[in-house]
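Enquirer:
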Amino acid sequence: MAEDGAVDNEWDADRYDDDHAFVYEASQDLIDLLDPEQGERIADLGCGTGHLTATIAEAVNAADRAGDSDGMAVGFDRSREMIAEARSTYPAVDFLRADARSLPFENSLDAVFSNAVLHWISDQEAAIWPIHDALRPGGRLVAELGGVGNVATITDALETELAARGYPAEHGWYFPSPGEYASLLESRGFEVRDLRLFDRPTPLDGEDGLANWIRGFGDDLLAPLSADARTAVVRAVEDRCRDALWTDGEWVADYRRLRVVAVRQDG
Ligand code: BEZ
8 MAEDGAVDNE
18 WDADRYDDDH
28 AFVYEASQDL
38 IDLLDPEQGE
48 RIADLGCGTG
58 HLTATIAEAV
68 NAADRAGDSD
78 GMAVGFDRSR
88 EMIAEARSTY
98 PAVDFLRADA
108 RSLPFENSLD
118 AVFSNAVLHW
128 ISDQEAAIWP
138 IHDALRPGGR
148 LVAELGGVGN
158 VATITDALET
168 ELAARGYPAE
178 HGWYFPSPGE
188 YASLLESRGF
198 EVRDLRLFDR
208 PTPLDGEDGL
218 ANWIRGFGDD
228 LLAPLSADAR
238 TAVVRAVEDR
248 CRDALWTDGE
258 WVADYRRLRV
268 VAVRQDG
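To convert, note that position 57 of the sequence shown is 64 in this note's numbering; the numbers rise steadily by one, no gaps.
Next up, the structure:
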């Protein structure tokens with residue numbers, strides 16, 4: 008965990024797109040929920056390699072070729088590598104390196120969009136308050152994050168194996184229940200319009216899919232271990248998870264998503 012309350016992670020943008028493409032591919036329908044309109048001003052929090060930001064930019068700037076759209080889509084990510092990759096893939100789209108908790112907008116955005124990012128921030132008030140303040144009254148937050156029980160088979164196995172080797176640790180991700188998340192949003196002046204918790208079993212690519220997931224997303228937890236010990240932990244976690252998550256020749260992670268649409272009230 009970083010000192011500022013976000014879970015640390017060293018991202019490799021190429022590997023992220025190769026190994027974790029499901030993060031954005033599975034969430035194209037979150038864009039449908041956002042329903043971006045021509046002329047809107049929208050921030051994409053934690054845009055990663057920028058694929059969903061580019062889709063949003065196309066919608067808000069749909070009339071640009073005719074010269075009569077003042078739409079704006081900008082992707083934010085705290086990873087330098089992700090922003091560099093996003094800029095090189097989509098040179099016409101705006102991307103800025105910034106933390107989700109320090110948005111450079113005040114009372115002005117039509118929407119804040121966020122996919123699979125908010126669960127990386129342990130201090131949720133620090134995440135939600137700036138989003139509220141960046142939106143105009145009536146503006147909306149459309150977000151998806153891991154919900155209660157998300158990837159519990161994997162995190163339980165990982166925590167058990169780390170503890171067995173003398174490295175007790177708890178994952179620092181924030182996977183709230185719908186009730187908890189609604190209360191949080193309402194306490195900051197949002198009206199919750201839609202809030203859903205659902206299972207989304209998620210195939211991980213190849214025989215090494217689970218190992219790649221653990222090494223890619225759990226590197227903070229594995230950091231204190233030697234390279235050999237990491238390999239041993241990853242193998243032991245695979246063994247623990249096999250009965251529940253190895254299905255028809257592939258790893259299927261026990262994702263549970265929390266999807267929310269919440270609107271900023273006046274004030
Ligand atoms: C998720 O998208 O649910 C997730 C991704 C990485 C680590 C933990 C959760």
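Don't be surprised by glycine CBs; every beta carbon is placed ideally from N, CA and C.
No experiment lies behind these values; they were computed from the predicted model shown.
Which of the three DSSP states is assigned to Thr160 in this structure?
Expert: Three-state DSSP puts Thr160 in a helix.
Enquirer: Compute every distance between the C-beta of Val158 and the non-hydrogen atoms of the ligand BEZ, then say whether any falls below 7 Å.
Expert: yes
Enquirer: Does the beta-carbon of Asp36 have 16 or more other beta-carbons within 10 angstroms, so that it is buried, or is it exposed?
Expert: exposed
Enquirer: With a threshold of 8 Å between beta-carbons, can Asp101 be considered close to chain B, or not?
Expert: The structure shown has no chain B; it contains just one protein chain.
Enquirer: Heavy atom of the ligand BEZ less than 7 Å from the Cβ of Trp136, yes or no?
Expert: no
Enquirer: Would DSSP call Asn114 helix, strand or coil?
Expert: Here Asn114 carries a coil assignment [DSSP, helix/strand/coil].
Enquirer: Expressed to the nearest angstrom, what Euclidean distance is found between the alpha-carbon atoms of Arg222 and Arg172?
Expert: 17 Å
Enquirer: Is there at least one non-hydrogen atom of the ligand BEZ closer than 7 Å to the beta-carbon of Phe224?
Expert: yes
Enquirer: Which same chain residues end up closer than 6 Å to Arg263 when comparing Cβ atoms and leaving out the 5 residues on each side of it in sequence?
Expert: Gly154, Gly156, Asn157 and Asp206
Enquirer: Beta-carbon within less than 6 Å of Asp106's beta-carbon, same chain only, minus the 5 sequence neighbours each way: which residues are those?
Expert: Arg85
Enquirer: Determine the contact status of Glu198 and Val270, defining contact as a CB-CB distance below 8 Å.
Expert: Contact: yes.
Enquirer: By a C-beta neighbour count over all protein chains shown, 10 Å radius and 16 as the cutoff for buried, is Pro231 buried or exposed?
Expert: exposed
Enquirer: What separation, rounded to the nearest whole angstrom, lies between the Cα atoms of Val259 and Ser109?
Expert: 35 Å
Enquirer: Cα-Cα, which of Glu65, Pro175, Thr62 and Leu204 is closest to Glu187?
Expert: Leu204
Enquirer: Does at least one heavy atom of the ligand BEZ sit under 7 Å from the Cβ of Trp253?
Expert: no
Enquirer: When DSSP labels each residue in this structure, what does Glu47 get in the three-state scheme?
Expert: coil
Enquirer: Candidates His126, Leu116 and Pro43: which alpha carbon is nearest Pro137's?
Expert: Leu116
Enquirer: Have a look at Thr56 and Thr62 and give me their C-alpha separation to the nearest angstrom.
Expert: C-alpha separation (whole angstroms): 12 Å.
Enquirer: Could you pull out every residue in the same chain whose Cβ sits closer than 7 Å to the Cβ of Thr160, ignoring the five residues on either side in sequence?
Expert: Closer than 7 Å at Cβ, skipping near neighbours: Cys248, Ala251, Leu252 and Asp261.
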